[in-house]
Amino acid sequence: MKRSIIIPILAILMTIPFGSCKRSIKNMLEPGVSLELANYRKKHISQVSYELFFRVPGDPEEAMEGRAVIRFQQARAQHGVILDFQSTEESVHKVMVNGLEAEYQFMNGHIVVPSDYIKPYQNQVEIAFTPTNQALNRSPEFMYSLLVPDRASTAFPCFDQPDLKATFHLRLDIPGEWTALSNGRRESLTREADRQVLNFAPDKPISTYLFAFAAGRFDTVTDSRGSRSITIFHRETDQSKLDHNLPRIFQHHFDALDWLENYSGIPYPFAKFDMLLLPGFQYSGMEHPGAIWYRDNRLLLDEQAPISQQLAKASLIAHETAHMWFGNLVTMEWFNDVWLKEVFAGYMADKIVHPQYPDVNHDLQFLLTHYPRASAVDRSKGTHPIKQELENMKEAGTLYGAIIYNKAPIVFYELEQLMGEGPFQSAVREYLQEYAYENADWDDLAVIFDSHTEVDVMAWSEKRIYGTGMPPIPTIDMNEAYLRGAFHLELYEEFLKGAHPAEVYFQSLLTALENETNAQLARYLAGNIQPLYWRFLTAEMRHQYGPALESLIWDKLQEAGPAEKPVFFDTYLSTAQSATGISNMVALFEGDLEVVGLDLTEERLFGIVATLMLHGHPEAGQMIDTLYANTENPDRKRRIEFLKPALSSDASERDEFFERLKEARNRRPEPWVTEGLQYLHHPLREGAGRKYLPESLAMLEEIQRTGDIFFPLNWLEASLSGYGDMETVKIVEGFLAAHPNLSQSLRLKVLQATDILYRAANQTEEARDNS
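In this text, residue positions in the sequence shown follow our numbering: the first is 8, and each later residue adds one.
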């Protein structure tokens, strides 16, 4: 039965005692999940469980089918119930409440059931529905869910807020040649003709954003240590890459689990621990209990991966594993404390990785990993406190960023130094034990921290958690490499403030890179060269200094050890402009030139071809076709197909690529979209992509509504990263002036993404005036 025409929405609202505040009633049923609605439901609803069924067709264009049985206790029977379902009214086919077909209202993404059908205590709502594909990422050979932070209600009706934890029983009907995984263990599998039905057992209570399932053509590999067993689901076809990476992937996970059990004093909190490696996955990783999703190329590295990538891989694994305790066992009450789960995962990851790589300078690694990214936001006009305001879950995705992932670990390091490692660990253990399988906020944890130290944690919190501004760089470790790192960080900040002209800083950077022997610092210095070269140097300066840069990087590429050659290879591709440089790239691709010790993998060959296409090389089109023909993995072939128009020298093909991005269904996989945008706006295009910027900015609100959490900022940064001029500044300022009602969170994203643009434009303008 569709919505009743007999019971108007106001009549239903009259059965729910919100008080006399009309604004509060309106907020309850506004799109998304308002804080008022979340608090109301948390007060009255408990003991939630879901039985979910999905039929997944092999054809991604064919709609899925869904059924949900939701059981819950409601403290007072006279209250109606509001479920979240971000779809259309036509997608709800039938609603049964406690065995009776119910009349209901559908409004702003909510299914509202009147109190007539609700009983004291135990209730059951059964809904037949058609899921949307917004959070169900579907392609011809596989699909996967991604429900964080508020996307669960696009996939099925639910109470989509983190503090109403529930158990999930899942039944999947999938093509017969596919396999599947979910949070819980697989209970049974039955085959029916060319289909199969799998049942997954419920596990411990989790928040809706942590429920997950995937199905498709996946291969599996299992490894065990003692009583613990882990299965990896993947689509990789290169057996040598699997042989090189899988032992280390398994070992890192087993080590992280052992470390976390020892540190927390709590055994692994869930029934199983598996993972899925996905091509084009939106994030580096996502921590679903029992079923972690990873982007495949973050874990399946080339044999010559530099130490930076190896550390990033180990850190990512440790981060997602730490989430099993920090975020999954104990979850924030509301997404304004999303930083809390992320800071613990990141901070614990740094501790976990330390013994895995004893020869690495981990103090320097902490400095170079966190401070540049945190400062990039904190110095901008888009900075904000670590703990932010959140009135509605629909804005939760905009809270993520470097302040959470990079500044928060810095301030936790400061807190642990103030408290001491022992008291800090004792407080963390108490926090996990007291709130296990429940929810807690920062104030709950701060009280526990305060009880374990003489430090005034509340005063510290007011400054660091609720305030802005970067903590000073620690000077505890006085080794020479660390001091050089701190010096270079400070020098870069001074440059951005205008203390040094771009050409002076550029020359100092080249001198430092030429003489640097520490691989971690060399990578940091090389990473600063590309944006400085393209965004802060004028064309005249690039003409003057480019040959020296190209010669230095080429020499470094020959001299570096095998693990560091990829850093200089990438820098060479991104900055070489001379005829000799272009010839070297062609010869490398054709096999007529060799860099001893550098394996030209499929990805590096693509990097060469992409660079040559950006340069407009006449043979580049044929080269990318050759690379495509030689690529065996179907997912990597799809990526080449997707990106080829963005690299084309034909402006009409690039126009068509951008036009396709105006439809949400064409903006997946999101990492491929942002890569394509970088090609459209690359400096070698000489501003030809600037015409896309007004529409790109105008699409921002839709990008936030339809994309995943990192997509709005990634979209902005990819669209703006090729520019450092006043013309682009004026486009951005015009957009902000024309959109005074842009949400504060999105406005902050724009200001974060344009900080370097503004600084570069001011400096290049000043350089031209002085020339």
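Glycine is no exception: its CB is placed at the ideal position from the N, C-alpha and C atoms.
Alpha carbon of Glu-663 to alpha carbon of Asp-715, nearest angstrom: Along the sequence shown, read from residue 1 onward, the residue named residue 663 stands at position 656. Along the sequence shown, read from residue 1 onward, the residue named residue 715 stands at position 708. Per the coordinates, the alpha-carbon of Glu-663 lies some 24 Å from the alpha-carbon of Asp-715.
Nonlocal neighbours in the same chain, by C-beta distance under 8 Å from Asp-776, ignoring five residues either side: Position 769 of the sequence shown holds residue 776. There are no such residues.
Exposure label - Asp-577; buried when at least 16 CB within 10 Å: Residue mapping note: residue 577 aligns to position 570 of the sequence shown, counting from 1. Counting Cβ neighbours within 10 Å, Asp-577 comes out buried, since at least 16 surround it.
Cβ pair Leu-755, Gly-389 closer than 8 Å: Counting from one through the sequence shown, the residue named residue 755 turns up at place 748. Counting from one through the sequence shown, the residue named residue 389 turns up at place 382. Yes, they are a contact pair.
Ala-767, buried or exposed, once every other Cβ within 10 Å from all chains shown has been counted against 16: Counted from its first residue, the sequence shown places residue 767 at position 760. Answer is buried; the Cβ neighbour count reaches 16.
Range covered by the beta strand (DSSP E) that runs through Asp-180: Here residue 180 is taken as the residue at index 173 of the sequence shown, counted from 1. In the DSSP annotation of this structure, the continuous segment of the beta strand (DSSP E) that includes Asp-180 starts and ends at 173-182.
Local conformation of Lys-101 per DSSP, three classes: Within the sequence shown, residue 101 is the residue found at index 94, counting from 1. In this structure, Lys-101 counts as strand in the three-state DSSP scheme.
Three-state secondary structure (DSSP) of Arg-30: Locating residue 30 in the sequence shown gives position 23, where the first residue counts as 1. Note that Arg-30 scores 49 on pLDDT, short of 50, meaning its location in the model is unreliable and no value can be drawn from it.
Inside the region 696-771 only - alpha helix (DSSP H) runs reaching at least 4 residues: As far as the region 696-771 is concerned, its whole alpha helix (DSSP H) runs of at least 4 residues are 700-705, 707-713, 718-727, 733-745 and 751-760.
Contact the region 61-73 vs the region 177-185: 3+ CB pairs below 8 Å: yes
Reference Arg-302, options Met-548, Thr-95 and Pro-676, closest by Cα: Position 295 of the sequence shown, counted from the first residue, corresponds to residue 302. Nearest option by C-alpha distance: Pro-676.
Contact test: Ala-75 Cβ vs the ligand SAM heavy atom, cutoff 7 Å: The ligand SAM is absent from the structure shown, which contains no ligands of any kind.
With 16 other Cβ atoms within 10 Å as the buried cut-off, status of Tyr-151: For this step, residue 151 is matched to residue 144 along the sequence shown. Tyr-151 is buried by the Cβ-count criterion.
Beta strand (DSSP E) runs wholly inside the region 90-159, at least 3 long, in chain order: 99-104, 112-114, 117-120, 128-136, 143-146 and 149-152
Meets three-Cβ-pair contact criterion under 8 Å: the region 231-243 and the region 267-286: yes
Alpha-carbon to alpha-carbon, Leu-42 and Glu-402: Working through the sequence shown from its first residue, we reach residue 402 at position 395. Working through the sequence shown from its first residue, we reach residue 42 at position 35. In a straight line, the C-alpha of Glu-402 is about 11 Å away from that of Leu-42.
Per-residue DSSP class, three states only, for Thr-779: Past the boundaries of the shown model lies residue 779; the chain is included only from 8 to 778, so the question cannot be answered.
CB contact flag (Leu-517, Leu-559, <8 Å): Residue 517 sits at position 510 when you count from the first residue of the sequence shown. Residue 559 sits at position 552 when you count from the first residue of the sequence shown. Taking 8 Å as the Cβ cut-off, Leu-517 and Leu-559 qualify as a contacting pair.
Backbone secondary structure at Asn-46 - three-state DSSP: As a first step, residue 46 must be located in the sequence shown, where it is residue number 39. In this structure, Asn-46 counts as helix in the three-state DSSP scheme.
Tyr-512 (DSSP reduced to helix, strand or coil): As a first step, residue 512 must be located in the sequence shown, where it is residue number 505. The answer is helix: DSSP assigns Tyr-512 an H, G or I state.
contact_flag[the region 312-324, the region 412-428] where n(CB pairs < 8 Å) is 3 or more: No: fewer than three Cβ pairs fall under 8 Å.
Residue(s) in a DSSP beta bridge with Val-228: Here residue 228 is taken as the residue at index 221 of the sequence shown, counted from 1. Val-228 is bridged to Ile-239.
The region 374-391 touching the region 323-338, judged by at least three CB pairs closer than 8 Å: no
Sheet register partners of Ile-213 (DSSP bridge): As a working note, residue 213 is residue 206 in the sequence shown. Ile-213 is bridged to Ala-173.
Under the three-state DSSP convention, the category Thr-475 falls into: The residue labelled residue 475 in the question sits at position 468 within the sequence shown. If DSSP states are grouped into helix, strand and coil, Thr-475 belongs with coil.
Length of the line joining the Cα atoms of Asp-309 and Asp-451: As a position in the sequence shown, residue 309 is number 302, starting the count at 1. As a position in the sequence shown, residue 451 is number 444, starting the count at 1. Roughly 44 Å separates the two Cα atoms.
Cutoff 6 Å; reference Leu-249; Cβ partners in own chain excluding five residues on either side: If you number the sequence shown from 1, residue 249 lands on position 242. Counting only Cβ-Cβ distances below 6 Å, and skipping sequence neighbours, we find Glu-243.
Under 8 Å between C-beta atoms of Leu-539 and Ala-529: Reading the sequence shown from its first residue, position 532 is the one you call residue 539. Reading the sequence shown from its first residue, position 522 is the one you call residue 529. The answer is no: Cβ separation not under 8 Å.
Under 8 Å between C-beta atoms of Ala-298 and Ser-189: Residue mapping note: residue 298 aligns to position 291 of the sequence shown, counting from 1. Residue mapping note: residue 189 aligns to position 182 of the sequence shown, counting from 1. Going by C-beta atoms, Ala-298 is nearer than 8 Å to Ser-189.
Gln-759 beta carbon less than 8 Å from that of Leu-704: Residue mapping note: residue 704 aligns to position 697 of the sequence shown, counting from 1. Residue mapping note: residue 759 aligns to position 752 of the sequence shown, counting from 1. The answer is no: Cβ separation not under 8 Å.
Beta-ladder partner(s) of Leu-397, from DSSP: Taking the sequence shown and counting its residues from 1, one reaches residue 397 at position 390. Answer by DSSP bridge pairing: none, since Leu-397 is not bridged.
Simplified DSSP assignment, three categories, for Glu-294: Reading the sequence shown from its first residue, position 287 is the one you call residue 294. Judged by DSSP in its simplified three-state form, Glu-294 adopts coil rather than helix or strand.
Distance, Glu-349 Cα to Arg-380 Cα: The residue labelled residue 380 in the question sits at position 373 within the sequence shown. The residue labelled residue 349 in the question sits at position 342 within the sequence shown. If I take the Cα positions, the gap works out to 15 Å.
Beta carbon of Asp-91 nearer than 8 Å to that of Ala-383: Here residue 91 refers to the residue found at position 84 when the sequence shown is read from its first residue. Here residue 383 refers to the residue found at position 376 when the sequence shown is read from its first residue. No, the pair does not count as a contact, with Cβ atoms beyond the cut-off.
Cα-Cα separation between Glu-773 and Pro-652, rounded to whole angstroms: Here residue 773 is taken as the residue at index 766 of the sequence shown, counted from 1. Here residue 652 is taken as the residue at index 645 of the sequence shown, counted from 1. If I take the Cα positions, the gap works out to 36 Å.
Beta-carbon proximity of Ala-488 to Asn-525, cut-off 8 Å: Numbered from its first residue, the sequence shown carries residue 488 at position 481. Numbered from its first residue, the sequence shown carries residue 525 at position 518. Closer than 8 Å, so yes.
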